[in-house]
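Take the sequence shown: its letters are residues 60 to 258, numbered as in my numbering.
Idealized CB from N, CA, C, for every residue including glycine.
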Amino acid sequence: NHIRILEASAENRAALLVGLEYLIGISYVDDTEVFKVCLDYWNVFVLELFEAHNQMEPAIPAAQMIPGVDGTGTAVHQRRQLYASPLSKLRMLMICRMAKPEEVLIVEDENGNIVRETMKDNDVLVQYKIMRETLIYLSHLDHEDTEQQMLKKLTKQLNGEDWSWNNLNTLCWAIGSISGSMVEEQVCSLSLSSFIWFG
Numbered sequence: 060n061h062i063r064i065l066e067a068s069a070e071n072r073a074a075l076l077v078g079l080e081y082l083i084g085i086s087y088v089d090d091t092e093v094f095k096v097c098l099d100y101w102n103v104f105v106l107e108l109f110e111a112h113n114q115m116e117p118a119i120p121a122a123q124m125i126p127g128v129d130g131t132g133t134a135v136h137q138r139r140q141l142y143a144s145p146l147s148k149l150r151m152l153m154i155c156r157m158a159k160p161e162e163v164l165i166v167e168d169e170n171g172n173i174v175r176e177t178m179k180d181n182d183v184l185v186q187y188k189i190m191r192e193t194l195i196y197l198s199h200l201d202h203e204d205t206e207q208q209m210l211k212k213l214t215k216q217l218n219g220e221d222w223s224w225n226n227l228n229t230l231c232w233a234i235g236s237i238s239g240s241m242v243e244e245q246v247c248s249l250s251l252s253s254f255i256w257f258g
């Protein structure tokens, strides 16, 4: 694919990383259609990295290494190093712009029975599912950075630097969206921090 071509030389890699930085900036633009296009790209990009990460790949000789990327090991590891910075920023983007998940309300029906009522906004729900999938892939690529980005956002809520109900909601939706993909200790750490700061 085109990414592999761009990874082939130092000049192309530099241009690729600059392009990803621009796209992250564009993804913050407050326009639904622009964000949908960006999100589709991010989903495909991260899925490709995730699938490559999951393939068992033997160590590669120095002659085949990506120039300019430190360390030895597999090509997959080198690609993770290459994209570490943009992926970290992408995690924060997904946290900041997480769409609202499906709402489930517990209500009493006309017969006095307690029932579940699902509130659906199909466009928002589709966007949430894509964002959730993308953030899960990002989490699997680097659990620690995902946790750090969430804790950083949580800290800004606590000290008032970035406080708003919307920011708090998107953070909670993001944490909830990937809770099943994180190891138990990380879920406990995030939950405990939330309870201490907002409890």
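Distance from the CA atom of Trp101 to the CA atom of Arg156, rounded to whole angstroms, is 13 Å. The three-state secondary structure of Arg156, taken from DSSP, is coil. Note on geometry: alpha-carbon atoms of Gly171 and Ile165 lie some 12 Å from one another.
Runs of the alpha helix (DSSP H) lying entirely within the region 148-205 and spanning at least 4 residues, in chain order: 181-200. In the assembly as shown, Glu70 is an exposed residue. Its beta-carbon has fewer than 16 other beta-carbons within 10 Å.
Proximity of the region 139-149 to the region 79-93 meets the contact definition, three or more beta-carbon pairs being nearer than 8 Å. Looking only at Ile189, Glu66, Leu227, the smallest Cα-Cα distance to Leu106 is reached by Ile189. Taking the Cα of Glu66 as reference, the smallest distance to any Cα among Gln137, Gln114, Ile83 is reached at Gln137. Tyr187 is not a Cβ neighbour of Phe109, given a cutoff of 9 Å. Cβ contact annotation for Val103 (same chain, cutoff 8 Å, sequence separation greater than five): none. By the CB criterion at 9 Å, Lys159 and Val183 fall inside the cutoff. Classified as exposed, Arg63 has fewer than 16 neighbouring CB atoms from the shown chains inside 10 Å of its CB.
If you look at Tyr81, you'll find it in the alpha helix (DSSP H) that goes 69-86.
Contact between Val93 and Ala111 fails: their C-beta atoms lie close to 28 Å from each other, not under 8 Å.
Counting every other CB atom within 10 Å of its CB across the protein chains shown gives Glu167 a total below 16, marking it as exposed. In the three-state reduction of the DSSP assignment, Ser238 falls in the helix class, which pools H, G and I. Straight through space, the alpha carbons of Ser236 and Arg175 are spaced by roughly 20 Å.
In this model, Met209 and Arg72 are separated by some 28 Å (Cα to Cα).
In the DSSP annotation of this structure, the continuous segment of the alpha helix (DSSP H) that includes Glu110 starts and ends at 91-113.
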